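K.L.:
Just passing along the structure, written as C-alpha cells.
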Amino acid sequence: MVQSSGAEMLLILGGSVLIAFMGWALSSAKSTSNAVDADEAWTKMPASGKYTLNFYRQSGNHHRTVEVYGSRSDVESEIFKVFQRAGIDDQFMVFSPSNGIDYRRTHYNHRGSNEGKKVGGCLVTAN
0 MVQSSGAEML LILGGSVLIA FMGWALSSAK STSNAVDADE AWTKMPASGK
50 YTLNFYRQSG NHHRTVEVYG SRSDVESEIF KVFQRAGIDD QFMVFSPSNG
100 IDYRRTHYNH RGSNEGKKVG GCLVTAN
C-alpha cells in the first residue's frame with residue numbers, strides 16, 4: 000500500500016483551490032452589463048422614434064419581436080403589458096448593454112415542465 004506524503008496532499012489541495020478560484024474569476028467576468036436605473040439607461044436612447052422590442056424566454060430563446068413607434072412611455076407600456084401577462088408585476092431589473100436597454104425578470108422558479116417557456120425579459124433597441 001502506497002502512502003502519500005503531506006507535501007503531496009498539500010499540493011493537491013492547493014491545486015484544487017487554484018482551479019476553483021480561476022473558475023469563479025472567469026464566470027464573474029462574463030457579464031458586461033450592470034443593473035442600472037431606468038432613467039439612466041434611457042439617457043442614451045432617442046426621445047422618440049422606432050424601437051424594436053425583442054422578447055426572450057427564460058431559456059434565452061426568442062419569444063417574439065414587436066416594433067413600437069413612439070416615446071419611452073409607449074415602449075414601457077408594451078413591455079409591462081407582456082410582463083403582466085407573464086406574471087411579472089414589479090419584479091424586474093434594468094440592464095444597459097452597449098446596444099440597448101434590457102428589462103429582465105429578477106427571479107423565476109427553476110422547476111416544472113414549463114421551465115424556459117415563460118417570458119424572461121425584453122431587449123429594447125432604437126432604429
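Residue numbers (numbering that gives the first Met the number 0): 0 to 126. Idealized CB from N, CA, C, for every residue including glycine. This one's a predicted model, so the numbers in the text were calculated from it and none came from an experiment.
(1) Does D101 come out as helix, strand or coil in the three-state DSSP assignment?
(2) Whose C-beta lies closer than 7 angstroms to the C-beta of T51 among residues of the same chain, with five residues either side of it excluded?
(3) With respect to the alpha helix (DSSP H) encompassing V81, which residues constitute its N-terminal and C-terminal limits?
(4) Using a Cβ-Cβ cut-off of 6 angstroms (strictly less than) and excluding sequence neighbours within five positions of C121, which residues of its own chain qualify?
(5) Taking its Cβ as the centre, do 16 or more other Cβ atoms sit within 10 Å of Q83, making it buried, or is it exposed?
(6) DSSP three-state label for A46, please.
(7) Go ahead and label D18 buried or exposed: buried means 16 or more other beta carbons lie within 10 angstroms of its beta carbon, across all protein chains shown.
(8) Which residue comes first and which comes last in the alpha helix (DSSP H) that contains D38?
(9) Counting only the same chain and skipping the five closest in sequence on each side, list residues whose C-beta sits under 7 angstroms from that of S47.
(10) Let me know if S97 comes out buried or exposed under the rule of 16 or more other beta-carbons within 10 Å of its beta-carbon.
(11) If we call anything under 8 angstroms between Cβ atoms a contact, is V35 one with F91?
P.N.:
On the basis of the coordinates in this document:
(1) Here D101 sits in strand by DSSP.
(2) Here the set comprises T64, E66, T124 and N126.
(3) R71 to R84 is the extent of the alpha helix (DSSP H) around V81.
(4) Closer than 6 angstroms at Cβ, skipping near neighbours: L52, F54, I78 and Y102.
(5) By the neighbour-count rule (16 or more Cβ atoms within 10 Å), Q83 is not buried but exposed.
(6) Note: A46 maps to coil in three-state DSSP.
(7) Note that residue 18 is Ile in the sequence shown here, rather than Asp. So I18 ends up on the exposed side.
(8) Where D38 is concerned, the enclosing alpha helix (DSSP H) stretches over A37 to W41.
(9) Result list for S47: G69 and S70, in chain order.
(10) Here S97 is exposed, its C-beta having fewer than 16 other C-beta atoms within 10 Å.
(11) Not a contact, by the Cβ cut-off of 8 angstroms.
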